[in-house]
Amino acid sequence: MDLGEYFHELEEDEAARKRRLAREKSYEITEYLADVERQFDETMQGDSLFGSTAPSIFVGRSSYPDVSAGVLAPVADADNAEAYETGPHWYRSGYTISDVFQARTNLLNSNQRTNVHVADEWDGFTGVQREVAIADRPVDVEVGLDGPLDIDLDIAMEDISTPTGPRATAESAELTENPHVPRAVEKTLSDDDWRAEGAMNYLYNRGFDVYDINTILSAGALGQTRQRKLVPTRWSITAVDDTVGDFLRGSVRNAPSVDETKVWYNEYLGNRFWVVVAPGDWEFELVELKAPGSIWNWKDGDYLVAADYENYEGRSNYVEETAGAYYAARLGALEHLADAGRQAKVLVLRHVTEDYWGPAGVWQVRETVRNAFSEGDPGVAETFHDAVTQLEPRLPVSMARLRRNSEMVAGLQSSLADWGVGG
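Structure, rendered in structure tokens:
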């Protein structure tokens, strides 16, 4: 489909797309937290015993290497525990930002202060936490709590992990059923000398999604046994996206290039994504355009623009401006190219609108880019230059500003001058 026709169809579908967008700021979270506290009181057995079904874990990063490590379990609705954990099902179900906050605030984080160097420790609270992490389905647990429920939301101004909900200090924990551990995970655990990077890629190639792998990594269940340690959840999310992305980049480095320029569009939770895939050797860039009034740009005024880039050789250092969103978007693009057996240069433009009022987590970047390639046909342009210039009127910043911030768009400047266009 010609890119102009593609834009026209998107405009005609405005109403349908807006129905999927989490557009309105919600003030229901405070009331919901009060309900969680009430349900918690009803769920408690005696003075200190909390029983539920745990789908996942959380490892904090404050005071590293002595971190807060916890088991996450729903305060209510334990039969549907898996639905409360972050994953692709949130996108498929059309979760709003309010839905994300409510899902996470229903998960009690029963935690202990733990040193990250766990090696082969599988006893006590640490052992229970690690067993929950490596299981392929939620596990029934009973946790002895010490101290009151803390219902303050832990919300960091970073687009990495989802918010965490109420917390309580755990005195003890016990599994009330035997967890089922997939054979592939048992294999990585049994190999004392398998480096974490190789184990991550092994699990990914056996059908584990990055959500499962980052939980296993976070629990210190990957890598050489003597060096295994808990990994803060925020770090493990990006580490897995980066590691799997590097593996996929290696798999397409010698593949033939795509033969035409295509543009995909998708939007979710107040974030609009344009993905331009063009012929050439692998390059990737994420450019973020953050509206005044959005979560990272509360002040009235101009858009904030952030960008990070890599060439054919990849990156040797962590990105400076776009953080975990870079690795999540790159993973979605590389999965598409690896499935096609092609390489390309890829530009992802992310417009963070004022409707993105709360930090839902980097998962929404990953899933929106992933699904951009599967939810409808793309628009087709003659060249990368043609695609970007046709996109400009649909973006909230000028071509001149894009050039100043984007490596890939800046490369168009000489071509435009040669043709006597722009300036």
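Quick note: the sequence shown uses UniProt numbering, first residue 1, plus one each step.
Just so you know, even glycine gets a beta-carbon here, dropped at the ideal spot from N, CA and C.
> Can you tell me where the alpha helix (DSSP H) with Q112 in it begins and where it stops?
Replying inline: Note, Q112: premise wrong, no alpha helix (DSSP H); beta strand (DSSP E) at 107-115.
>> Just to confirm, is the Cβ distance from E197 to T243 under 8 Å?
In response: Result yes, Cβ atoms of E197 and T243 sit closer than 8 Å.
>> Check this for me: beta carbons of I97 and W357, under 8 Å apart or not?
In response: yes
> Can you tell which of R330, R167, T126 has the C-alpha that lies nearest to the C-alpha of W363?
Replying inline: It is R330 whose Cα lies nearest to the Cα of W363.
> Are the beta-carbon atoms belonging to L412 and V388 less than 8 Å from one another?
Replying inline: The Cβ atoms of L412 and V388 lie closer than 8 Å to each other.
> Is the number of C-beta pairs between the region 345-359 and the region 290-297 that are closer than 8 Å three or more?
Replying inline: yes
>> Across the region 334-350 and the region 250-257, are there enough close Cβ pairs to call them in contact, namely three or more that are closer than 8 Å?
In response: yes
>> Short of 6 Å in beta carbon distance, which residues of its chain neighbour K262, apart from the five on each side in sequence? Order them along the chain.
In response: V277, P378, V380
> Just how far apart, CA to CA, sit A219 and H180?
Replying inline: Distance between the alpha carbons of A219 and H180 is about 16 Å.
> Rounded C-beta distance between T105 and A69? I'm assuming under 8 Å.
Replying inline: Not really, about 20 Å apart at Cβ, beyond 8 Å.
>> Going residue by residue through the region 124-205, where are the continuous beta strand (DSSP E) segments of at least 3 residues, counting only ones entirely within it?
In response: Whole beta strand (DSSP E) segments, 3+ residues: 139-145, 167-175.
> Where are the beta strand (DSSP E) runs, 3 residues long or more, that stay fully inside the region 193-271, in chain order?
Replying inline: 261-268
> How about P74 and A81: do their beta carbons lie closer than 8 Å?
Replying inline: yes
> Where DSSP assigns a beta bridge to F273, which residues make up the other side?
Replying inline: N266, R350
> Taking DSSP as the reference, what is the three-state secondary structure of N317?
Replying inline: coil
> How would you call S374, buried or exposed, if buried means at least 16 neighbouring beta carbons within 10 angstroms?
Replying inline: exposed
>> One question on the structure: do A360 and T53 come within less than 8 Å of each other, judged by their Cβ atoms?
In response: no
> L304: which of R342, L402, L269 sits nearest, CA to CA?
Replying inline: L402
> Going by beta carbon distance, what residues of the same chain come within less than 8 Å of T383, once the five residues before and after it are set aside?
Replying inline: T261, A278
> By Cβ distance, which residues of its chain are closer than 8 Å to P393, with the 5 residues on each side in sequence left out?
Replying inline: none
>> Taking 8 Å as the threshold (beta carbon to beta carbon), is G165 in contact with chain D?
In response: Looking for chain D here will not work: only one protein chain is present.
> Looking at C-alpha atoms only, which residue of D66, G51, Y91 is the closest neighbour of D140?
Replying inline: Checking every option, the nearest Cα to that of D140 belongs to G51.
>> Tell me the rounded alpha-carbon separation between E267 and V397.
In response: 18 Å
> Terminal residues of the continuous alpha helix (DSSP H) containing A372?
Replying inline: 363-372
> When DSSP labels each residue in this structure, what does G379 get in the three-state scheme?
Replying inline: strand
> Taking the alpha carbon of D77 as the point to measure from, which residue in L108, S63, S48 has its own alpha carbon closest?
Replying inline: L108
> What residue range is occupied by the uninterrupted alpha helix (DSSP H) comprising A400?
Replying inline: 399-405
> Would you call W122 buried or exposed, if buried means 16 or more other Cβ atoms sit within 10 Å of its Cβ?
Replying inline: exposed
> Can you pull the DSSP bridge partners for P74?
Replying inline: L107
>> Applying the 10 Å Cβ sphere with the 16-neighbour rule, what's the burial state of A241?
In response: The sequence given here has Asp at residue 241, not Ala. When all chains shown are included, D241 counts as buried.
> Mind checking D212: buried by the 16 CB within 10 Å criterion, or exposed?
Replying inline: buried
>> Can you tell me which residues form a DSSP beta bridge with I57?
In response: V71
>> If you reduce the DSSP assignment to three classes, tell me which class A278 lands in.
In response: strand
>> Could you compute how far the alpha carbon of D136 sits from the alpha carbon of Y318?
In response: 31 Å
> Between the beta-carbon of E285 and the beta-carbon of Y312, is there less than 8 Å?
Replying inline: no
> Where does the unbroken beta strand (DSSP E) through A306 begin, and where does it stop?
Replying inline: 304-310
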